[in-house]
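Heads up: the sequence shown is residues 424 to 1395, going by the numbering used here. Even for Gly, the Cβ is constructed at its ideal location relative to N, Cα and C. Structure first, commentary second.
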Amino acid sequence: MTPLEQALRAVMDGELAFDDYSRHLFSRDASMYAITPLGVAFPEHAEDVAAAVRVAAEFGVPIVARGAGTSLAGQTVGPGLVLDMSRHLTRIVIDAESRTALVEVGVVQDQLNRAAAEYGLMFGPDTSTSNRATIGGMIGNNSAGSGSLTYGMTIDHVQALDVVLADGSRARLEPVDEAERQRRATANTLEGRIYRELPQLVSDNEQAIRSGMPLFWRRAGGYRLDRLVGFGKGTAFDLAKFVVGAEGTLVIATHALVDLVPKPAHTVYAVGHFDDTHSAIAATTDALACDPHQVELMDRTILELSRQKIEYAELGNILVGDPGALLFVSFSGDDEAALVTKLDELQALWRRNGHGYHTLRAVTPADQKALLKVRKSSLGLLMAAGEGTRRPLAFVEDTAVDPIHLAEYTKRLAKVLDEHQMEAGFYGHCSVGCLHIRPFVDVTDPRQVESMRTVAEAVKDLVAEYGGVNSSEHGDGLARSEFNREIFGDELYEAMRKVKRLFDPLGILNPGKIVDAPPMTENLRDRDALPPAPPLTTKLAFEVVGGMRGAADRCMNIGLCRKAGPGVMCPSYIATKNEEHATRGRANALVKALSEPDPHVALGDERLHEILDLCLMCKACKSECPMSVDMASLKAETLAHHHEIHGTPLRSRLFGSIRTLNRIGSATAPLSNVPGRIWLLRRLLDRTLGIAAPRQLPIFQRTNLIRWFGRRDVVGTPAPLGTVNWLADSFTTYTEPHIGQAGIELLERAGWQVELATGGCCGRSSMSKGLLDDAKKKAAALVDSLTRTTVPGSPIVGCEPSCVFMLCDEYKALVPYTQAVHQVADRVRQVEELLVEAIDAGRLRLREDSRFAGQRIVFHGHCHQKAEVGTAATMALLRRIPGAVVEEIDSGCCGMAGSFGFESEHYDLSLAIGEDRLFPALAAEPADTIVAATGVSCRQQIFHGAGRTAWHPLELVREALAENGPDPRSAP
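Shown next, in the form of structure tokens:
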């Protein structure tokens, strides 16, 4: 233990992490930079922050306060001690009468808005990262977002701040009159010195402040000395607003008193379709003439990327033609009719002036859902276009000019990029002249680094020519601070340096940002922080540049896996609020291991194993992460190497042999079900194998699906639709055969000839435990069986998503470069799709008077289903039940994840994940609400954690089937 860590442990209640993996995880943010800190602290309260700063000052160690770590310019990386303010500092107090909120700085913006919404209020600034951006980070950056035309920037909503100063003392920053300022200035403290000396510094440099500050209002660069000019002349001396945007270089905020604004009752959108980006920007002036809430741009690059992701597939169904750019124009207020009138006015104005070829109107939240989902994910989608170390980088992405100059400015900026042969994606806030432009650069190529710097300098000069700002909401950080002397002029820049020395005499608060910064081309993540990847032989095929490390290093740290809101990713982070248990943390940990001289040995590291252990392998990251970081496959590969080094645990072998165990259990039922009913035997399983005693074990059925199917005497009536193959999975086949029976009977009624595919286990369980050699054998055997024993081209369906989708996803990595694998994958269909087609064609009729008429059905989708194909087909099938009222609940991951929820050490976390959204959602449902779920694990968890019986959708549809006499193909 280092002396620094020892000193911190003596004075802090919060956790500390000084191991190499934790230091690596916090060496990065969402920028192109990386700097490894000495350690990480997780303050539990404000006094912890103060204690950490005092210790850092004593040791002369820099200190970096960090929220979600999503900074784009490198603000939250640095040497010394990192304070993760997001884990514990999350308390919210709403005062509806005064329309304010007192929040700790780790509160996520969406969490604040949910709390405020109960009173019809919200926090005005609306960032695209609102589901993970913390209020502290927004204060540090002076964030704005899409609604800044209406609500301004964060600085406009901060009333007061509780802060820790550079010597570890605490202070309250708020507007004070001259008498109060003088009173505070008498104190013989750092706070007193600031109140004494800062007013004189402002007075001495007033002319430089007035002439050197960019005139454009939307700025997030430098120190806001302009906010102090004129104090004492009827204007309060407001240090709270002054330190907003200071990037943690002057103070560290712990609490903020912020304004709230009334939440509009309605928001409507006009989405203009344009042939190219410049045409869309040219239409901005007309949009602004209609007094909108926001005007947002999205170019073709991002639209095309969205079409490649299941998460955003709905967008393609509502756009008209093939737009080269979209312009989102919103109007907000309480009178929906008046807002729709504004849509009419804008549409007419665009039509009259020849702007665009189509305007899509989105009035209801349902109409807007797909549109807004993509718009908020523009950054992530653009990042996904990177390949290897060629990435879209943030270094000219935050400029802003007056919107009247935006079209001309953008044309000239595009010309600069063309001159340097740089491709870029365009999106951003046209309403305030801010475009986020990210050129693709490979910083491992010295020539491209040189070009990057040349472009940054050219854009800096260009934006100044139009009276704009170089940093408009993302801050200066490491990317732009170097240019601040030139931007503000020598006199004003020197005044800013004096401000820094006044607030931070020892220079320990996030040094190298805003003033006295290193060159923008230092500390580059891909060039300076990562050695070349050593060779590694993997069992899975990672089809990306750089192999397994390249697959992990696709993570660009935008932090969507830390989101607080809809979706699945990342269940373990949601439950623990621990960075290392987010997809981002795991990916970064793997990058470190795979960069070691012997990556095979590094993959066996127990600290790495600890970081990966809580990954449920839900695969949500594959679809919800814009970069499609497939942590399930990465964990499986890592476990395989871990087993080779340390041996394979008995429990893993048992779970990997689940088909054999279930087959034996079925063959010996009901005797095999006795141990599950005897508490002492379950306790013995807990102690010897680590199978949680409180968890109910599956109940084996003696008449399993294979026996039932074999005993049927089916009349050989021709099936007009041909043959379909039912995959006899390793779970429901032996424990819930009635589900397979329902599916088979429905398919036969629909006109299919059903064959039962019993070629063995798909290998899902083996893969989840890292038994990849075994999984490969099972995959190869099942592919061979399906190829030999089924009709070529005939569909393959089933009722257990984790098994069915194994065939069309993991098999391509387990048994790559095999034509048969791809042929089998191409044949996989969802049984729900076939049944919906049959119902719509009249081949399958459901009763109008079934017990489901007027009945509410809520559906929870399986994580693998959501990741691979989405839940649309299942929802469509349930909605075909006459009279049923069907809703899909936003329930995230159930927390069971196959064997994960059975394991003793994971049992509590498994239930905690379910408690996040699923269990409360079901508890809020009336007792007669029917619960449907496609996954066997999901149904087990719902029964165990929520006390509700969940039905497979196929069971419900089978019950609703209109019999119309006996099936002519079945003998009595």
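- G1368 to L1332, Cα distance in whole Å? Here residue 1368 refers to the residue found at position 945 of the sequence shown. Here residue 1332 refers to the residue found at position 909 of the sequence shown. If I take the Cα positions, the gap works out to 12 Å.
- Contact belief for A823 with A1236 at Cβ below 8 Å, rounded distance in angstroms: Along the sequence shown, one-based indexing puts residue 823 at 400. Along the sequence shown, one-based indexing puts residue 1236 at 813. With a Cβ gap of about 44 Å, A823 and A1236 do not count as contacting.
- Item | Local conformation of T1352 per DSSP, three classes | Translated into positions along the sequence shown, residue 1352 becomes position 929. T1352 falls in the coil class under three-state DSSP.
- Message: Taking the straight line between their C-alpha atoms, what separation do you get for L1150 and G1163?
- Response: As a first step, residue 1150 must be located in the sequence shown, where it is residue number 727. As a first step, residue 1163 must be located in the sequence shown, where it is residue number 740. Each residue's Cα considered, the two are about 9 Å apart.
- Quick one: is N554 buried, meaning 16 or more other Cβ sit within 10 Å of its Cβ, or exposed? Taking the first residue of the sequence shown as position 1, residue 554 is located at position 131. Its Cβ being crowded by 16 or more others within 10 Å, N554 is buried.
- In chain order, what residues of the same chain lie with their CB nearer than 6 Å to the CB of G1388, ignoring the 5 residues before and after it? Within the sequence shown, residue 1388 is the residue found at index 965, counting from 1. Summary for G1388: the model assigns pLDDT 36, below 50, so the residue's position carries little reliability, and this model does not support an answer.
- Item | 6 Å CB neighbourhood of P598 in its chain, flanking five on each side removed | Reading the sequence shown from its first residue, position 175 is the one you call residue 598. A659, D661.
- Task: Taking 8 Å as the threshold, find out whether the segment 676 to 687 comes into contact with the segment 521 to 536 through three or more Cβ pairs.
- Result: yes
- Closest by C-alpha distance to C1317, when choosing among C1286, G1306, G1216: The residue given as residue 1317 occupies position 894 in the sequence shown. Nearest of C1286, G1306, G1216 to C1317, Cα basis: C1286.
- Query: Within this structure, are the beta carbons of V1227 and V1247 separated by less than 9 Å?
  - Reply: By 1-based counting over the sequence shown, the position of residue 1227 is 804. By 1-based counting over the sequence shown, the position of residue 1247 is 824. No, the Cβ-Cβ distance between V1227 and V1247 is not below 9 Å.
- So what does DSSP say about L750, is it helix, strand or coil? Start at 1 with the first residue of the sequence shown, and residue 750 comes out as number 327. The answer is strand: DSSP assigns L750 an E or B state.
- Message: On a Cα-Cα basis, can you pick out the residue from F1154, Q498, S1327 that is closest to N933?
- Response: Within the sequence shown, numbered from 1, the residue matching residue 933 stands at position 510. Cα-wise, what sits closest to N933 is Q498.
- Item | Beta bridge counterpart(s) of Q693 as assigned by DSSP | Sequence index remark: in the sequence shown, residue 693 carries index 270 (1-based). In the sequence as displayed, the identity of residue 693 is Ala instead of Gln. Answer by DSSP bridge pairing, in chain order: V752, R784.
- Identify whether R1268 lies in helix, strand or coil by the three-state DSSP scheme. On the sequence shown, residue 1268 is found 845 positions in, with the first residue counted as 1. R1268 falls in the coil class under three-state DSSP.
- Query: With C-beta atoms as the reference, is V581 less than 9 Å away from A469?
  - Reply: Here the question's residue 581 lines up with position 158 in the sequence shown. Here the question's residue 469 lines up with position 46 in the sequence shown. Going by C-beta atoms, V581 is not nearer than 9 Å to A469.
- Candidates V1244, S1191, E1019: which alpha carbon is nearest P1215's? Against the sequence shown, residue 1215 aligns to sequence position 792. If we check each option's Cα against that of P1215, V1244 comes out closest.
- Consult DSSP for T1210 and reduce its assignment to one of helix, strand or coil. Translated into the one-based positions of the sequence shown, residue 1210 becomes position 787. DSSP places T1210 in helix when its eight states are reduced to three.
- Task: Could you spell out where the alpha helix (DSSP H) holding Y916 opens and where it closes?
- Result: On the sequence shown, position 493 is the one that residue 916 refers to. First-last of the alpha helix (DSSP H) with Y916: 913 to 926.
- Query: Hey, quick one: how far does the beta strand (DSSP E) through R537 stretch, first residue to last?
  - Reply: For the purposes of this step, residue 537 is identified with residue 114 of the sequence shown, where counting begins at 1. Taken as a continuous stretch (DSSP letters only), R537 belongs to no beta strand (DSSP E), being part of the alpha helix (DSSP H) at 532 to 540.
- Message: Applying the 10 Å Cβ sphere with the 16-neighbour rule, what's the burial state of R1362?
- Response: In the sequence shown, residue 1362 corresponds to position 939, counting from 1. So R1362 counts as buried.
- Message: Assuming contact is defined by CB atoms lying nearer than 9 Å, are M1319 and G1293 in contact in what I supplied?
- Response: As a position in the sequence shown, residue 1319 is number 896, starting the count at 1. As a position in the sequence shown, residue 1293 is number 870, starting the count at 1. Taking 9 Å as the Cβ cut-off, M1319 and G1293 do not qualify as a contacting pair.
- Query: DSSP state of L1195, grouped into three classes?
  - Reply: Mapped onto the sequence shown, residue 1195 falls at position 772. Reduced to three states, the DSSP call for L1195 is helix.
- Message: Does D757 come out as helix, strand or coil in the three-state DSSP assignment?
- Response: The residue given as residue 757 occupies position 334 in the sequence shown. Note: D757 maps to coil in three-state DSSP.
- Own chain residues within Cβ distance below 6 Å of Q532, not counting five before or after: Here the question's residue 532 lines up with position 109 in the sequence shown. Correct list, in chain order: S553, A556.
- Boundaries (first-last residue) of the alpha helix (DSSP H) holding T1297: The residue labelled residue 1297 in the question sits at position 874 within the sequence shown. Unbroken alpha helix (DSSP H) run through T1297: 1295 to 1301.
- Distance, Cα to Cα, V691 vs A793? Your numbering for residue 691 matches position 268 in the sequence shown. Your numbering for residue 793 matches position 370 in the sequence shown. So the two alpha carbons sit approximately 14 Å from each other.
- Which residues share a DSSP beta bridge with W1175? Reading the sequence shown from its first residue, position 752 is the one you call residue 1175. According to DSSP, which records beta bridges pairwise, W1175 is partnered with nothing at all.
- Query: In the structure shown, what three-state DSSP assignment does W640 receive?
  - Reply: As a working note, residue 640 is residue 217 in the sequence shown. If DSSP states are grouped into helix, strand and coil, W640 belongs with coil.
- Item | P502 and P485 closer than 9 Å at C-beta | As a first step, residue 502 is located in the sequence shown; it is residue number 79 there, counting from the start. As a first step, residue 485 is located in the sequence shown; it is residue number 62 there, counting from the start. A contact, by the Cβ cut-off of 9 Å.
- Relative to the alpha-carbon of F1323, which residue among I1280, L1258, G1113, L1269 has its alpha-carbon at the smallest distance? For the purposes of this step, residue 1323 is taken as residue 900 along the sequence shown, with counting starting at 1. Of I1280, L1258, G1113, L1269, the residue nearest in Cα terms is G1113.
- Query: Looking at the structure shown, is D776 part of a helix, part of a strand, or coil, going by DSSP?
  - Reply: Position 353 of the sequence shown, counted from the start, is the residue given in the question as residue 776. At residue 776 the sequence reads Asn, which differs from the Asp that was named. Three-state DSSP puts N776 in coil, outside helix and strand.
- Item | Per DSSP, cross-strand counterpart(s) of R489 | Within the sequence shown, residue 489 is the residue found at index 66, counting from 1. Paired residues: D507.
- Item | Helix, strand or coil at L932 according to DSSP, with G and I counted as helix | As a working mapping, residue 932 is identified with position 509 in the sequence shown. If DSSP states are grouped into helix, strand and coil, L932 belongs with the strands.
- Task: Note down the Cα distance separating H843 from D865, rounded to an integer number of angstroms.
- Result: The sequence position of residue 843 within the sequence shown is 420, counting from 1. The sequence position of residue 865 within the sequence shown is 442, counting from 1. Cα to Cα, the separation comes out at about 13 Å.
- Task: For W1175, count neighbouring C-beta atoms within 10 Å of its own C-beta (all shown protein chains included) and say buried if the count is 16 or more, exposed if not.
- Result: As a working mapping, residue 1175 is identified with position 752 in the sequence shown. By the 10 Å Cβ count, W1175 comes out buried.
- Query: What is the DSSP secondary structure of E719, counted as helix, strand or coil?
  - Reply: Counting from one through the sequence shown, the residue named residue 719 turns up at place 296. Residue state, collapsed to three classes: strand.
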